[in-house]
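Shown next, in structure tokens, is the structure this report addresses.
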Amino acid sequence: EVCVHHLHFTSDDYAVLGNKIKCNPAIKAPANRAALWTALLDDRLDVIATDHAPHTVEEKSGNYEHAHAGLPLVQHSVLMMLDYVKAGKITIEKVVEKMSHAVATCFQIADRGYIREGYMADLVIADLNQRTTVSKENVLYKCGWSPLEGQSLAGVIENTFVNGDLVYGKGNWNESQKGQRLRFNRDV
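The opening residue of the sequence shown carries number 2 in the numbering used here; numbering runs sequentially from there.
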């Protein structure tokens with residue numbers, strides 16, 4: 002797997018973002034990011050993940066050695082990858098494969114990861130003709146911040162479906178619909 006932040010940030014970003022992009026493994030040099038992209042595009046990496054870790058600003062502050070590792074990115078991971086689709090770096094089909102199909106296949110998650118009859122419809126509908134500028138005001142993470150603040154990403158998430166139920170639509174949440182425990186196709 003490769004995490005979306007390792008495809009996006011480089012060690013050059015520490016000058017501005019500092020501890021906000023501290024993670025394990027660490028964000029590395031531009032050449033390392035390029036190597037990860039090469040490995041992703043030639044299928045040596047199976048999955049694009051978020052490694053979502055919504056630490057508070059206080060937990061990320063102070064001495065680098067003691068700052069918590071991890072980034073809040075689950076809200077923006079699809080938009081980050083759509084930005085690379087719009088830039089011509091990766092195809093939408095490859096993003097779907099690496100963020101959905103391969104996840105379900107690798108982890109043997111039952112009835113998920115594909116648009117198929119009988120499968121749970123976990124879907125995101127995005128308008129690629131618009132852009133999202135990440136700001137403190139539109140961050141939905143409980144930690145209240147994002148290392149992407151100020152960045153403009155391709156696309157706007159219009160709707161999100163979980164188990165076939167609309168849970169987010171055009172800025173409104175439907176909290177009456179809940180997720181459910183995943184089932185796996187494996188003997189443990």
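Cβ atoms here follow ideal geometry from the backbone N, Cα and C, with glycine treated the same way.
Integer Cβ distance of residue i from residue j, believed to fall under 8 Å
i       : j       : result
Ala-127 : Glu-159 : 6 Å
Asn-164 : Met-121 : 5 Å
Ile-28  : Asp-44  : Rounded, the Cβ-Cβ distance is 23 Å, inconsistent with contact.
Leu-183 : Ala-155 : Not confirmed; about 29 Å, so no contact.
Beta-carbon contacts of residue i that lie in its chain and below 7 Å, excluding the five residues immediately before and after
i       : result
Thr-51  : Cys-4, Val-5, Leu-74, Val-75 and Ser-78
His-69  : His-56, Glu-60 and Lys-61
Pro-148 : Leu-18, Lys-21, Ile-22 and Leu-72
His-53  : Pro-73, Leu-74 and Val-75
Cut-off 8 Å between Cβ atoms - residues of its own chain near residue i, not counting five sequence neighbours on either side
i       : result
Ser-136 : Glu-150 and Gly-151
Ile-49  : Glu-2, Val-3, Cys-4, Val-5, Leu-8, Leu-41, Ser-78, Met-82, Val-96, Lys-99 and Met-100
Leu-124 : Ile-116, Asn-160, Thr-161 and Phe-162
Lys-171 : Glu-159 and Asn-160
Pro-31  : Thr-11, Ser-12 and Asp-13
Asn-175 : Asp-166, Leu-167, Val-168 and Tyr-169
Rounded C-alpha distance that separates residue i from residue j
i       : j       : result
Gly-63  : Pro-26  : 19 Å
Ser-194 : Gly-180 : Any property of residue 194 remains undetermined from this structure, which presents the chain solely from 2 to 189.
Leu-18  : His-67  : 16 Å
Ile-116 : Asn-20  : 39 Å
Leu-141 : Tyr-169 : 12 Å
Ala-88  : Val-58  : 31 Å
Asn-33  : Trp-146 : 26 Å
Ala-1   : Phe-10  : Absent from the model: residue 1. The displayed extent of the chain is 2 to 189, so no value can be given.
Asp-166 : Phe-108 : 23 Å
Arg-38  : Asn-139 : The question names Arg, but residue 38 in the sequence shown is Trp. If I take the Cα positions, the gap works out to 29 Å.
Tyr-65  : Cys-144 : 19 Å
Own chain, CB closer than 6 Å to residue i, minus 5 neighbours either side, in chain order
i       : result
Ala-105 : Arg-113 and Gly-114
Thr-133 : Leu-80, Leu-154 and Val-157
Residue i and residue j closer than 8 Å at C-beta
i       : j       : result
Leu-72  : Ile-22  : yes
Ala-111 : Phe-162 : no
Asp-47  : Ala-103 : yes
Ser-85  : Ile-93  : Here the sequence assigns Tyr to residue 85, which means Ser is not the residue at that position. Result no, Cβ atoms of Tyr-85 and Ile-93 do not sit closer than 8 Å.
Contact with chain C by residue i, beta-carbon distance below 8 Å
i      : result
Pro-55 : The structure shown has no chain C; it contains just one protein chain.
Residue ranges of each beta strand (DSSP E) within the stretch 62–141, 3 or longer: 124–134
Whole runs of the alpha helix (DSSP H) within the stretch 15–60, excluding any shorter than 4 residues: 15–18 and 31–42
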